[in-house]
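Novice: So that we are looking at the same thing, I have put the structure below in structure tokens.
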Amino acid sequence: MNRTISWKIFALVLSLLLCFLLLQSVLILLVEKPFLQATLLSFIIIASLAFLIPKRFLQWIQSEYTKRLETVNSAWEKTVQQISRERDNLQKVLNEMTEGVLVVDERNRIRMVNDALKTLFSLPQEILGKSLLEIIRHSELEEAARQTIETGKSKTFELTLPSSSQKSFEVNVVPMISAWRDHSGDTKGYGAMVVFHDISRLKELERIRQDFVANVSHELRTPLTTIKGYAETLLEGALKEESAPSFVQVILKHTDRLTKIVEDLLMISKIESQESQLSLEPLSLSEILEETLEVVAENAKKKKIPIITSGLPDSLLVKADRKYLEQILINLLDNAIKYNREGGKIVISATLTPQNDVEVAIQDNGIGIPKEDIPRIFERFYRVDKGRSKELGGTGLGLSIVKHLVQAQGGKVWAESQPGEGSTFYFTLPSPR
Ligand code: ADP
């Protein structure tokens, strides 16, 4: 009878132990993290032995395990702190970069972005964890990131934002390889890093260059075609006709025009390449103005336009290059006469600004400039009314030259205008004092 009871108790204990072992194996298989596995194992062993081992021994085991767990815990906390410090440092380095950078994981979800990218794309604050396509709506970008993650190969392409800013980027997508290796020893792909280089300025310069070449060709073609046409007519027999001198006059007029365009272009190119040395010296504004007025007096007289200089004391000095300053005044006064009506008026004034600059204003009461054209009039070959400008002998380069000359001497130039009422052109130059 006693033997039967002992066997029953033994069988019960054994089956309980087997159950614990089974439970332990299943739980360990379910939990992947080694730290959690260790904790679980300890718990199961303690629970299994609780039946068999004396209470004091059990308490000793418990306190030993608690100590070990605290050690593991503090080591774990240190590791986590170190990782988060390294992550902060990485974020700081990324934020210092002028290029936009973002990191996506293997599911194309954003894991990291730097400040430059947030500014470039005007991104919202909360974007971590969101899909790339959701944040930057560009299918080519999302496709490139996906392919890089899949193939592990870098990709480079150009991206232009469809927004009004028309920003262009050269985008490099590089695979990111995890430090973890799988059981076969291969490194595991983690995601991709995308670097955006803003090439909008380069693109803009390229566009300006292309426009410039097209404009120059166009501007040169018209007089050249006219000259060729008249020369051929003369050769074909018109030379002996009465109209011959007028044909030669036309040829001369267009040759003058060609010469003016080439001279203006050469001047711009010289200023841009800083080939001609600036000779900055203190100059009396009224003295230079007097000399300039002599140059434009003839044209002003023809249109009965008086030029009034107001508030210009001899003592008002500017630090400028004499030739450059003369050219600026000639171009602006020439326009104020050209785009003025007969019997109009021009007023020239100058003041010393609190920033110690001399601000010169040339005001006319001519045809004026529409608001939308004002920002473009300083561009090369830009003319509000092409026909009118050509008729008046303009090349469309006068204001561009003014802008280059003023900037080369450390000043600014701008215009205000009311169509039908007139325009005022302002420029500043440093005062020598
Ligand atoms: P242009 O040789 O045609 O005069 P500019 O570069 O000097 O070339 O000027 C560019 C354009 O700006 C002109 O074609 C004209 O339409 C406009 N403009 C310049 N100055 C004036 C002004 N004082 N009044 C009205 N329009 C002007």
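Each residue of the sequence shown is one higher than the one before, starting from 47 at the first, in the working numbering.
From the three backbone atoms N, C-alpha and C, an ideal C-beta is built for every residue, glycine too.
1. So what does DSSP say about arginine 153, is it helix, strand or coil?
2. Cβ of aspartate 410 within 7 Å of any heavy atom in the ligand ADP?
3. Can you check whether the CB of aspartate 151 is closer than 8 Å to the CB of glycine 565?
4. Are at least three pairs of beta-carbons, each pair with one atom in the stretch 268–277 and one in the stretch 199–210, less than 8 Å apart?
5. Between glycine 444 and the ligand ADP, is the CB less than 7 Å from at least one heavy atom?
6. Taking the CB atoms as reference points, tell me whether aspartate 410 and asparagine 386 lie closer together than 8 Å.
7. Counting only the same chain and skipping the five closest in sequence on each side, list residues whose C-beta sits under 7 Å from that of leucine 207.
8. List the DSSP bridge partners of valine 241.
9. Say yes only if the C-beta of glycine 440 is nearer than 7 Å to one or more non-hydrogen atoms of the ligand ADP, and no if none qualify.
10. With a threshold of 6 Å on Cβ separation, who are the neighbours of alanine 454 within its own chain once the five nearest residues in sequence on each side are excluded?
11. Between the C-alpha atoms of phenylalanine 471 and isoleucine 408, what's the straight-line distance to the nearest angstrom?
12. Take the Cβ of isoleucine 354 as the centre, count every other Cβ of all protein chains shown within 10 Å, and call the residue buried at 16 or more, exposed below.
13. Do isoleucine 195 and leucine 178 have their C-beta atoms within less than 8 Å of each other?
14. Would you check whether the ligand ADP has a heavy atom nearer than 7 Å to the C-beta of asparagine 381?
15. Tell me where the beta strand (DSSP E) around leucine 329 begins and ends.
16. Report all residues from its chain with a CB closer than 6 Å to the CB of valine 406; omit the five preceding and five following residues, and keep chain order.
17. With a CB to CB cut of under 7 Å and the five nearest residues on each side skipped, what residues in its chain are close to arginine 429?
18. In the DSSP output, what is valine 406 paired with across the bridge?
19. Looking at the secondary structure, which residues open and close the beta strand (DSSP E) in which phenylalanine 203 lies?
20. Between which residues of its own chain and isoleucine 374 is the CB-CB distance below 7 Å, once the five residues before and five after are set aside?
21. May I ask you to verify whether the stretch 339–357 touches the stretch 307–316, counting CB pairs closer than 8 Å and requiring at least 3?
22. Would you please state the rounded distance, in angstroms, between the beta carbons of valine 240 and valine 262? I believe it to be under 8 Å.
23. Should aspartate 403 and proline 476 be called a contact, given that it needs their Cβ atoms to be closer than 8 Å?
24. What number of angstroms, rounded off, separates the C-alpha of phenylalanine 258 from the C-alpha of arginine 153?
25. Confirm, please, whether the CB-CB distance from asparagine 135 to valine 147 is below 8 Å.
26. Name the DSSP beta bridge partners of glycine 468, please?
27. How far does the alpha helix (DSSP H) with lysine 417 in it extend, from its first residue to its last?
Specialist: So, to answer that:
1. The answer is coil: DSSP assigns arginine 153 none of H, G, I, E or B.
2. For aspartate 410, the shortest separation between its Cβ and any heavy atom of the ligand ADP lies below 7 Å.
3. Past the boundaries of the shown model lies residue 565; the chain is included only from 47 to 479, so the question cannot be answered.
4. The stretch 268–277 vs the stretch 199–210: no contact.
5. Look at glycine 444: its beta carbon is less than 7 Å from one of the heavy atoms in the ligand ADP.
6. Result yes, Cβ atoms of aspartate 410 and asparagine 386 sit closer than 8 Å.
7. Contacts found: Lys213.
8. Listed as beta-bridge partners of valine 241 by DSSP are Val147, Asn218.
9. Remark: the shortest separation between the CB of glycine 440 and any heavy atom of the ligand ADP falls under 7 Å.
10. Around alanine 454: Ile317.
11. Roughly 5 Å separates the two Cα atoms.
12. Looking at its Cβ environment, which holds fewer than 16 other Cβ atoms inside 10 Å, isoleucine 354 is exposed.
13. The answer is no: Cβ separation not under 8 Å.
14. Within the cutoff, so yes.
15. Run containing leucine 329: 326–330, per the beta strand (DSSP E) assignment.
16. If we look at valine 406 and ignore the five residues flanking it on each side, its Cβ neighbours are Ala396, Phe473.
17. Cβ within range, chain order: Ser435, Gly440, Gly442.
18. In the DSSP output, where bridge partners are listed per residue, valine 406 has Ala396, Phe473.
19. It spans 201–206 - the beta strand (DSSP E) in which phenylalanine 203 sits, taken as one unbroken run.
20. Correct list, in chain order: Val448, Leu451, Val452, Phe473.
21. With fewer than three CB-CB distances shorter than 8 Å, the stretch 339–357 does not count as touching the stretch 307–316.
22. The Cβ separation is near 40 Å, so there is no contact.
23. In this structure, proline 476 lies closer than 8 Å to aspartate 403 by Cβ.
24. Taking the straight line joining both Cα atoms gives about 46 Å.
25. In this structure, valine 147 sits away from asparagine 135, with a CB-CB distance that is not shorter than 8 Å.
26. The partner list for glycine 468 (beta bridge, DSSP) reads Gln464.
27. Counting along the chain, lysine 417 falls outside any alpha helix (DSSP H), and DSSP gives it neither H nor E.
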